[in-house]
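Asker: To start, I am sharing the structure in question, which I have written as structure tokens.
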């Protein structure tokens with residue numbers, strides 16, 4: 001679990017060992033948690049009954065929780081939360097130890113929503129998509145790669161109350177000045193309760209603008225620490241954060257029996273929203289007495305019903321996560337993301353797997369209440385005490401309780417200590433369930449990485465097939481090109497081998513995409529340079545053969561154009577991967593815009609020799625369309641239709657001319673008998689006809705005006721972009 005936690009929390013762990021030694025009084029023995037973390041778990045010598053898998057697996061969630069609790073990070077973040085709730089603006093910031101801490105208050109959000117929460121039930125927590133005009137630009141990396149499906153559950157959404165408060169805060173001059181001041185510095189966004197949800201949105205916005213704007217330079221270290229914060233977004237948001245590799249930038253501290261972080265697992269029509277609002281206001285009564293807000297405490301008769309409501313729905317969601325059935329969506333629309341720190345009077349446990357987080361939120365909440373924490377208000381306001389008392393637990397040597405089952409491996413011992421630190425007693429009914437969930441999540445968390453490693457081995461085994469096609473291409477580069485050779489089945493024996501290798505490579509990449517769709521690979525798989533580059537090389541080499549096979553069987557006449565009706569899904573996805581990487585590629589959809597973008601990118605970089613592979617994977621499909629258009633123009637008698645076809649052919653001529661001039665094509669494109677060379681001859685002959693000359697002259701004059709308009713539009717777009725960046 002430790003490797004999945006990214007740099008922000010890892011930095012806190014590095015500081016932890018120093019902070020622990022500084023706090024240790026002379027003569028007291030301090031348990032070396034750092035050594036345990038380096039070894040992957042706790043020391044256990046009784047390994048004779050352990051299985052080979054358990055022998056190499058270690059449970060380190062409690063070790064990481066102890067290291068995080070020992071650092072000054074949580075204490076400083078909580079102090080900033082208290083200062084933010086006491087400030088009139090609801091936003092405070094200050095620098096401590098070279099790190100800027102930004103605290104957000106949830107009291108202002110609760111004050112503005114108190115009346116609506118009582119009158120409208122859970123409507124204030126309804127999910128709102130981030131794809132709107134006001135938010136798409138602010139959170140572009142999260143919504144840019146959304147699937148094309150119109151299903152609501154596939155759209156990134158957050159709770160309405162937090163988004164409304166953040167947008168109001170984002171429009172204030174103080175927040176914009178703050179963004180300029182913290183640029184390039186290490187930042188910790190923090191907040192308690194509703195303030196934590198606002199802090200998470202602020203951190204997401206800061207990460208988005210840092211990754212998409214060149215003015216911010218390299219992405220600075222950013223961490224968001226929330227205390228008792230309600231759930232913020234849906235499953236799509238959780239996937240998007242994992243895809244962007246931002247999961248380690250969020251640390252959610254949750255006490256054992258706090259209802260607020262668990263309440264939004266319930267269906268929205270069953271959520272008593274006034275509870276969240278009321279408990280938020282009661283934390284800072286000095287600021288809320290004068291507002292006349294509703295701050296009713298939870299009645300004693302309602303506490304048991306509230307616990308049963310939350311326990312039932314969190315348990316249902318946990319079971320849904322265990323079954324891994326996305327179709328059986330139960331409870332509310334919200335799901336966790338980031339790292340969850342489960343705190344109790346016995347320690348802390350770090351869980352960075354969303355599935356395990358849901359299950360541990362249920363197991364810890366279902367366990368018995370500690371004395372003095374029976375009320376929801378006490379459990380929601382105990383974070384200050386927990387932050388102060390948890391470091392003191394590190395001064396006590398941890399041992400397995402006598403009631404625990406004897407550990408048969410290092411891993412079993414680590415799981416027992418993790419359950420103890422999370423506040424789950426070994427004899428409790430939830431202990432066996434939590435133990436099983438921890439083991440399952442451990443295996444499930446490792447499985448995508450193992451699958452990715454196995455795929456790398458399979459990629460190495462399939463590489464000879466790619467090399468055979470490269471050899472096949474080299475055979476025909478000087479005559480007619482491998483595209484036309486494959487289309488015409490030149491040298492049948494070599495053709496059959498190349499076709500077999502083409503099919504094998506397609507099956508391999510279809511299998512990769514099937515695993516990615518099934519969630520069996522890491523969420524950021526399509527962002528890893530190794531796989532993006534491998535997919536791009538495969539696409540540039542093999543898609544021309546797929547185009548040739550499509551036209552060889554005359555499917556363009558029965559089904560339609562290859563670009564619209566014949567292109568495989570894998571190539572469309574590979575185009576998207578390449579574009580998200582920030583490289584020049586052909587966009588899906590509008591052919592004219594894709595050709596102009598490819599030509600523009602080609603003009604920006606000039607090669608000294610022709611490319612090994614044509615950089616437009618659909619180049620030959622466009623050539624085939626151009627040849628059909630040229631043949632159609634020869635027999636066209638309608639002047640308007642002829643003008644339209646000639647204009648399209650002129651655009652294609654300009655596009656291919658840019659590619660050839662910049663050497664973005666392979667040498668096989670210019671082979672004497674290639675389809676492109678034949679089209680150039682056909683096009684030149686067509687342009688010699690008198691009626692075509694007349695139309696071309698008009699198009700050329702109009703083309704000058706279009707060029708001017710395009711240049712003006714480009715300058716306006718660049719100006720608008722610079723204004724947005726500033």
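Numbering (full-length UniProt numbering), first residue to last: 1 to 726. Glycine is no exception: its CB is placed at the ideal position from the N, C-alpha and C atoms. None of the values given here were measured: they were computed from a predicted structure.
1) Should residue 106 be labelled buried (16 or more other beta-carbon atoms within 10 Å of its own) or exposed?
2) DSSP three-state label for residue 528, please.
3) Taking buried to mean at least 16 other C-beta atoms within 10 Å of its own C-beta, is residue 354 buried or exposed?
4) Quick one: Cα of residue 425 to Cα of residue 509, how far?
5) Does the contact criterion of 3 or more C-beta pairs under 8 Å hold for the stretch 243-258 versus the stretch 380-387?
6) If I follow the unbroken beta strand (DSSP E) through residue 416, where does it start and stop?
7) Measuring CB to CB, does residue 738 end up less than 7 Å from residue 264?
8) Nearest-angstrom Cα distance between residue 165 and residue 188?
9) Can you tell me the Cβ-Cβ gap for residue 501 and residue 452, rounded? I've got them flagged as a contact below 8 Å.
10) Since residue 664 is in the beta strand (DSSP E), which residue starts that stretch and which ends it?
11) Using the Cα positions of residue 430 and residue 125, report the straight-line distance between them to the nearest angstrom.
12) Secondary structure at residue 74, three-state DSSP: helix, strand or coil?
13) Smallest Cα separation from residue 520: which of 611, 449, 92 and 623?
14) Taking one C-beta from the stretch 434-447 and one from the stretch 70-87 each time, how about it: are there three or more such pairs within less than 8 Å?
15) Helix, strand or coil for residue 618? Go by DSSP, reduced to three states.
16) Would DSSP call residue 336 helix, strand or coil?
17) What's the call for residue 174, buried or exposed, on a 16-neighbour Cβ count within 10 Å?
18) Among residues of its own chain, excluding the 5 on either side of residue 621, which ones have a beta-carbon nearer than 6 Å to its beta-carbon?
19) Within the chosen definition, does the stretch 571-580 reach the stretch 519-538 through at least 3 CB pairs nearer than 8 Å?
20) State the DSSP-derived secondary structure class of residue 223, mapped to helix, strand or coil.
21) Pick helix, strand or coil for residue 342, following the three-state DSSP scheme.
22) Based on DSSP bridge pairs, tell me the residues matched to residue 658.
23) Which of the three DSSP states is assigned to residue 157 in this structure?
24) Judging by CA-CA distance, which residue of 305, 343 and 421 is the nearest neighbour of residue 375?
25) Give every residue of the same chain whose Cβ lies closer than 7 Å to the Cβ of residue 387, excluding the five residues on either side of it in the sequence, and list them in chain order.
26) From the DSSP output, read off the bridge partner residues of residue 99.
27) Could you give the first and the last residue of the continuous alpha helix (DSSP H) run that contains residue 247?
28) Residue 232: buried (16+ other C-beta within 10 angstroms of its C-beta) or exposed?
29) Give the list of continuous alpha helix (DSSP H) stretches no shorter than 4 residues that lie fully inside the stretch 460-547.
30) In the structure shown, what three-state DSSP assignment does residue 284 receive?
31) If you follow the beta strand (DSSP E) that residue 128 is in, where does it begin and where does it stop?
32) On the DSSP bridge list, what partners appear for residue 91?
33) With a 10 Å radius around its C-beta and 16 neighbouring C-beta atoms as the bar for buried, classify residue 634 as buried or exposed.
34) In the structure shown, what three-state DSSP assignment does residue 252 receive?
35) So, are the CB atoms of residue 243 and residue 524 less than 7 Å apart?
36) Quick check: what's the CA-CA separation for residue 443 versus residue 499?
Answerer: Per the coordinate set shown:
1) That one is buried.
2) Here residue 528 carries a coil assignment [DSSP, helix/strand/coil].
3) With 16 or more other Cβ atoms within 10 Å, it is buried.
4) If I take the Cα positions, the gap works out to 48 Å.
5) Verdict: yes, contact present.
6) Not the beta strand (DSSP E): residue 416 falls in the alpha helix (DSSP H), residues 410-421.
7) Given a span of 1 to 726 for the chain in the structure shown, any question on residue 738 remains unanswerable.
8) Their Cα atoms are separated by approximately 19 Å.
9) Incorrect: roughly 24 Å between the Cβ atoms, too far for contact.
10) That residue, residue 664, is in no beta strand (DSSP E); it is neither H nor E in DSSP.
11) Whole-angstrom Cα-Cα distance: 30 Å.
12) Helix, per DSSP.
13) Out of 611, 449, 92 and 623, 449 has the C-alpha closest to the C-alpha of residue 520.
14) When C-beta atoms of the stretch 434-447 are compared with those of the stretch 70-87, fewer than three pairs fall below 8 Å, so the two segments do not count as touching.
15) In the structure shown, residue 618 falls within a coil segment according to DSSP collapsed to helix, strand and coil.
16) In this structure, residue 336 counts as coil in the three-state DSSP scheme.
17) Residue 174 is exposed by the Cβ-count criterion.
18) Excluding residues within five positions, the ones whose Cβ falls inside 6 Å are 547, 562 and 563.
19) The answer is yes - the stretch 519-538 touches the stretch 571-580, with three or more Cβ pairs under 8 Å.
20) For residue 223, the three-state secondary structure derived from DSSP is strand.
21) Here residue 342 sits in strand by DSSP.
22) Looking at the DSSP assignment, residue 658 forms no beta bridge with any residue, so it has no partner.
23) Residue 157 sits in a strand when the DSSP states are folded into three classes.
24) Checking every option, the nearest Cα to that of residue 375 belongs to 305.
25) Leaving aside the five residues that flank residue 387 on each side, the residues in its chain whose CB is nearer than 7 Å to its CB run, in chain order, 74, 75 and 78.
26) DSSP lists 96 and 186 as partners of residue 99.
27) Element bounds for residue 247: n/a, residue is neither H nor E.
28) By the 10 Å Cβ count, residue 232 comes out buried.
29) With a minimum length of 4 residues, the continuous alpha helix (DSSP H) runs that stay inside the stretch 460-547 are 481-488 and 492-517.
30) Any reading at residue 284 must be qualified, since the residue scores a pLDDT of 43, below 50, and its modelled position is unreliable; the value itself is stated next. In the three-state reduction of the DSSP assignment, residue 284 falls in the coil class, being assigned neither a helical nor a strand state.
31) 127-129 is the span of the beta strand (DSSP E), which, as asked, contains residue 128.
32) Answer is 104.
33) If you draw a 10 Å sphere on the C-beta of residue 634, you find fewer than 16 other C-beta atoms in it, and that means exposed.
34) The answer is strand: DSSP assigns residue 252 an E or B state.
35) In this structure, residue 243 sits near residue 524, with a CB-CB distance shorter than 7 Å.
36) Roughly 40 Å separates the two Cα atoms.
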